[in-house]
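Colleague: After the structure tokens below, expect a handful of questions from me.
Protein chains in written order, with the working numbering: chain D, 19 to 321; chain Z, 19 to 321.
See the structure below:
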């Protein structure tokens, strides 16, 4: 038994990622106050010991460190700045930690608003998917002050492994954009490579196995490559969310006047996945768009 | 001391890859007969115990398993089928193992020619670069008969770690094409991601560090990402050779009527590297093409 005084924490957003992350915080011993728009999504947390609040404002009144893990930029704005938002209950010296993947410029604006009221904000988007969230092995990319980062670090460590303080507010979101740039293009590259093997009459499963041992190794080849071989596209990470992230990347690139042709191409494949009605599938369903275009399907018997 | 009788082996091609690979075979105890167009490139092998031959034909007369590791398709044709080529000295039951990266269709044609004379051929291109060649940790992607594969396996194991028998003749080359498809696109993806970080004011080194821990992890992000941060483009794997490999990929794709848009784009970047006079640099110099286009340079102080 430790005798340290644990800060009370708040948590908002219990989706595919948020739920296991919140459970890891509870299991590590922190008292957790939760709010969910749909009350039933809070149930498993209450069973694990969390306490329910009626609004984000009420979460802010009870907790000193408040995590948000919601879908998109407007959701974060609503939860933090909206009518019954955190901002109406936050206390001096509290920290808001947004782990959603949203616009870096909006993040900076919210952080400035909170700072004016004596509240620190960290942007701390994650990588590692549902598996990483459950196993507590997520990567955190963090933007904000060093003092806030140090204060929240033990909580990050209860949810993840590779925790990097990138820079000031917004820098975490920029790093996450880089992550999505790379993940999208690597998925597209793996899909083209496996499709090439299939079309050329080499067993894509053996090709994947061989490539895993060399410079072509990537986590995507290992995990999503296997999904592609199995045509098993249960998320994982939904194509609809990946599309949203790529939209953010391209908005920032346009602001910066930065050409990113490979990113643009991969984004179009993800758009096509969603256009095909597969937005709820894992973004590695990108393979099926290439299969359609090529008239070749992984795993088909070769004549 | 073992008392097994080791087959005599032959080796042709002592470049950046071939030299350390041949040394690993010698150090593992095999008697090695070598031929080099430029006699001086054979010197370090002779000092290690290799014996010199005056032509590929003479290598074939002395050895039962003959490795070739040369630059391009015409070089392999010349060494095996040319005037003083292996074919004029090969004995019944010998095996020719071509570890070069060349055309799959030419590989199949050479294999058929050799098979008509009672000689097996394996295509066994590698991945892992100079470091893998020196450390004996290369990946081998092998095409050919199972009996030939089993016979050569102990020799592959002296040079590499992940050794996969993909399928029949040419299948190793197809797998290598898949490898190059993926390596090219991952290099391009890493370059765009780091450039995005730089342009958006986040430290690319910290972004790389964060991304290494999640789904964006790739060997390319680890190794070539660091090269990009350092603008250190000594090969490694030369852009000029990568260009050749991408030409092979695109020739096969055209034969197969297979559209590969991402591969095509990455190939154009590599063409640009060579066009810029950087064909002797590592293919991760692709970053500099994107930097030129974007007017942003990794590592520049940000204003």
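C-beta: ideal position from N, C-alpha, C; glycine also. All figures in this text were calculated on a predicted structure; none of them were measured in a lab.
Could you list the residues in the segment 275–289 of chain D with a C-beta less than 8 angstroms from some C-beta on chain Z, going in chain order?
Modeller: The residues in question are 276, 277, 278, 279, 280, 281, 283, 284.
Colleague: Within 10 Å of its beta-carbon, does residue 245 (chain Z) have 16 or more other beta-carbons around it, so buried, or fewer, so exposed?
Modeller: Within the second chain, the letter at position 227 stands for residue 245 (chain Z). Classification of residue 245 (chain Z): buried, given that the 10 Å Cβ count is 16 or more.
Colleague: Output the distance between the C-alpha atoms of residue 209 (chain D) and residue 249 (chain D), rounded to the nearest integer angstrom.
Modeller: For the purposes of this step, residue 209 (chain D) is identified with residue 191 of the first chain, where counting begins at 1. For the purposes of this step, residue 249 (chain D) is identified with residue 231 of the first chain, where counting begins at 1. Approximately 12 angstroms, taken between the alpha carbons.
Colleague: Ignore the nearest five residues each way along the sequence and tell me which others in residue 269 (chain Z)'s own chain have a CB closer than 8 angstroms to its CB.
Modeller: The count along the second chain starts at 1 and reaches residue 269 (chain Z) at position 251. So the list reads 121, once near-sequence residues are dropped.
Colleague: Using a Cβ-Cβ cut-off of less than 7 angstroms, list which residues of the segment 174–201 of chain D approach chain Z; keep chain order.
Modeller: So the list reads 179, 180, 182, 184, 185, 189, 192, 193, 195, 196, 197, 199, 200, 201, given in the order they occur along the chain.
Colleague: Run through the segment 128–216 of chain D for me and flag every whole beta strand (DSSP E) of 3 or more residues, listed as ranges in chain order.
Modeller: If we require 3 residues or more, the beta strand (DSSP E) runs fully inside the segment 128–216 of chain D come out as 138–141, 156–161, 178–185.
Colleague: Measure from the alpha carbon of residue 227 (chain Z) to the alpha carbon of each residue in D:87, D:169, D:183, then state which is nearest.
Modeller: In the second chain, the residue the question calls residue 227 (chain Z) occupies position 209. Checked all of D:87, D:169, D:183; the closest Cα to residue 227 (chain Z) is D:183.
Colleague: Around the Cβ of residue 234 (chain Z), are there at least 16 other Cβ atoms within 10 angstroms (buried) or fewer (exposed)?
Modeller: The residue you call residue 234 (chain Z) lines up with position 216 of the second chain. Buried, because 16 or more other Cβ atoms sit within 10 Å of the Cβ of residue 234 (chain Z).
Colleague: Would you kindly work out how many angstroms separate the C-alpha atoms of residue 165 (chain Z) and residue 159 (chain Z), rounded to a whole number?
Modeller: Position 147 of the second chain, counted from the start, is the residue given in the question as residue 165 (chain Z). Position 141 of the second chain, counted from the start, is the residue given in the question as residue 159 (chain Z). If you take the alpha carbons of residue 165 (chain Z) and residue 159 (chain Z), they lie about 16 angstroms apart.
Colleague: If we count Cβ pairs, one from each stretch, closer than 8 angstroms, do we get three or more for the segment 82–98 of chain Z versus the segment 127–138 of chain Z?
Modeller: A contact exists between the segment 82–98 of chain Z and the segment 127–138 of chain Z.
Colleague: Does the Cβ of residue 275 (chain D) have 16 or more other Cβ atoms within 10 Å, making it buried, or fewer, making it exposed?
Modeller: Residue numbering aside, residue 275 (chain D) sits at position 257 when the first chain is read from its first letter. Exposed, because fewer than 16 other Cβ atoms sit within 10 Å of the Cβ of residue 275 (chain D).
Colleague: I'd like the list of long-range same chain contacts for residue 293 (chain Z), defined as Cβ closer than 8 angstroms, with 5 residues on each side in sequence excluded.
Modeller: Your numbering for residue 293 (chain Z) matches position 275 in the second chain. Excluding sequence neighbours, residue 293 (chain Z) sits near nothing in its chain.
Colleague: Kindly say whether residue 237 (chain D), judged by its beta-carbon, lies nearer than 8 angstroms to any beta-carbon of chain Z.
Modeller: The residue you call residue 237 (chain D) lines up with position 219 of the first chain. True, the Cβ-Cβ gap to chain Z drops below 8 angstroms.
Colleague: Distance check for residue 308 (chain Z) and residue 119 (chain Z), CA to CA, integer angstroms please.
Modeller: Taking the first residue of the second chain as position 1, residue 119 (chain Z) is located at position 101. Taking the first residue of the second chain as position 1, residue 308 (chain Z) is located at position 290. About 27 angstroms.
Colleague: Measure the C-alpha to C-alpha separation of residue 62 (chain Z) and residue 302 (chain Z) and round it to an integer number of angstroms.
Modeller: For the purposes of this step, residue 62 (chain Z) is taken as residue 44 along the second chain, with counting starting at 1. For the purposes of this step, residue 302 (chain Z) is taken as residue 284 along the second chain, with counting starting at 1. If you take the alpha carbons of residue 62 (chain Z) and residue 302 (chain Z), they lie about 29 angstroms apart.
Colleague: Starting from the Cα of residue 315 (chain Z), find the closest Cα among Z:264, Z:277, Z:219 and give me that residue.
Modeller: The count along the second chain starts at 1 and reaches residue 315 (chain Z) at position 297. Ranking Z:264, Z:277, Z:219 by Cα distance to residue 315 (chain Z) puts Z:219 first.
Colleague: Below 7 angstroms on C-beta distance, what does residue 221 (chain Z) contact in chain D?
Modeller: Position 203 of the second chain holds residue 221 (chain Z). Result: 184, 185.
Colleague: Of all the residues that make up the segment 134–165 of chain D, which are near chain Z by a beta-carbon distance shorter than 9 angstroms?
Modeller: Listed in sequence order: 144, 145, 146, 147, 150, 155, 156, 157, 158, 159, 160, 161.
Colleague: Would a C-beta distance cut-off of 8 angstroms place residue 151 (chain Z) and residue 35 (chain Z) closer than the cut-off?
Modeller: The residue given as residue 151 (chain Z) occupies position 133 in the second chain. The residue given as residue 35 (chain Z) occupies position 17 in the second chain. Contact flag set, yes.
Colleague: For residue 20 (chain Z), count the other beta carbons within 10 Å of its own beta carbon; 16 or more makes it buried, fewer makes it exposed. Which is it?
Modeller: As a working mapping, residue 20 (chain Z) is identified with position 2 in the second chain. Low local confidence applies: a pLDDT of 48 at residue 20 (chain Z) is under 50, so the model's placement there is unreliable, and no value is given.
Colleague: Taking the alpha-carbon positions, what's the residue 261 (chain D) to residue 102 (chain Z) distance?
Modeller: In the first chain, counting from the first residue as 1, residue 261 (chain D) sits at position 243. In the second chain, counting from the first residue as 1, residue 102 (chain Z) sits at position 84. Cα to Cα, residue 261 (chain D) sits roughly 58 angstroms from residue 102 (chain Z).
Colleague: Using a beta-carbon distance below 8 angstroms, is residue 33 (chain Z) in contact with chain D?
Modeller: Within the second chain, numbered from 1, the residue matching residue 33 (chain Z) stands at position 15. So no, residue 33 (chain Z) is outside the interface.
Colleague: Under the rule that 16 or more other beta-carbon atoms within 10 Å means buried, what is residue 65 (chain D), buried or exposed?
Modeller: Taking the first chain and counting its residues from 1, the one referred to as residue 65 (chain D) is at position 47. Classification of residue 65 (chain D): exposed, given that the 10 Å Cβ count is below 16.
Colleague: Out of Z:242, Z:85, Z:98, which has the shortest C-alpha to C-alpha gap to residue 299 (chain Z)?
Modeller: The sequence position of residue 299 (chain Z) within the second chain is 281, counting from 1. Ranking Z:242, Z:85, Z:98 by Cα distance to residue 299 (chain Z) puts Z:242 first.
Colleague: In chain order, what residues of the segment 255–272 of chain D put their CB closer than 9 angstroms to some CB of chain Z?
Modeller: The residues in question are 255, 267, 270, 271.
Colleague: Do you know how far the Cα of residue 289 (chain D) is from the Cα of residue 278 (chain Z)?
Modeller: Residue 278 (chain Z) sits at position 260 when you count from the first residue of the second chain. Residue 289 (chain D) sits at position 271 when you count from the first residue of the first chain. Cα-Cα distance, rounded: 17 angstroms.
Colleague: In the DSSP assignment, the beta strand (DSSP E) including residue 221 (chain Z) goes from what residue to what residue?
Modeller: As a first step, residue 221 (chain Z) must be located in the second chain, where it is residue number 203. Taken as a continuous stretch (DSSP letters only), residue 221 (chain Z) belongs to no beta strand (DSSP E), as it is neither H nor E.
Colleague: The segment 300–320 of chain D: which residues have C-beta closer than 9 angstroms to a C-beta of chain Z, in chain order?
Modeller: Here the close residues are 308, 311, 312, 313, 314.
Colleague: Hey, how far is the Cα of residue 247 (chain Z) from the Cα of residue 222 (chain Z)?
Modeller: Stepping through the second chain from its first residue, residue 247 (chain Z) is reached at position 229. Stepping through the second chain from its first residue, residue 222 (chain Z) is reached at position 204. About 7 angstroms.
Colleague: Quick one: which chain D residues come within Cβ less than 8 angstroms of residue 208 (chain Z)?
Modeller: Taking the second chain and counting its residues from 1, the one referred to as residue 208 (chain Z) is at position 190. Residues of chain D passing the Cβ test: 200.
Colleague: Taking 7 angstroms as the limit between beta carbons, can you name the residues of its chain near residue 163 (chain D), skipping five residues before and five after?
Modeller: Counted from its first residue, the first chain places residue 163 (chain D) at position 145. If we look at residue 163 (chain D) and ignore the five residues flanking it on each side, its Cβ neighbours are 138.
Colleague: Compare the Cα-Cα distances from residue 199 (chain Z) to each of D:197, D:225, D:179 and report the closest residue.
Modeller: Taking the first residue of the second chain as 1, we reach residue 199 (chain Z) at position 181. The shortest Cα separation from residue 199 (chain Z) among D:197, D:225, D:179 belongs to D:225.
Colleague: Who are the neighbours of residue 250 (chain Z) on chain D, taking C-beta pairs under 9 angstroms?
Modeller: As a position in the second chain, residue 250 (chain Z) is number 232, starting the count at 1. Ordered by position in chain D, no residue passes the 9 angstroms Cβ test against residue 250 (chain Z), which lies about 17 angstroms from the chain.
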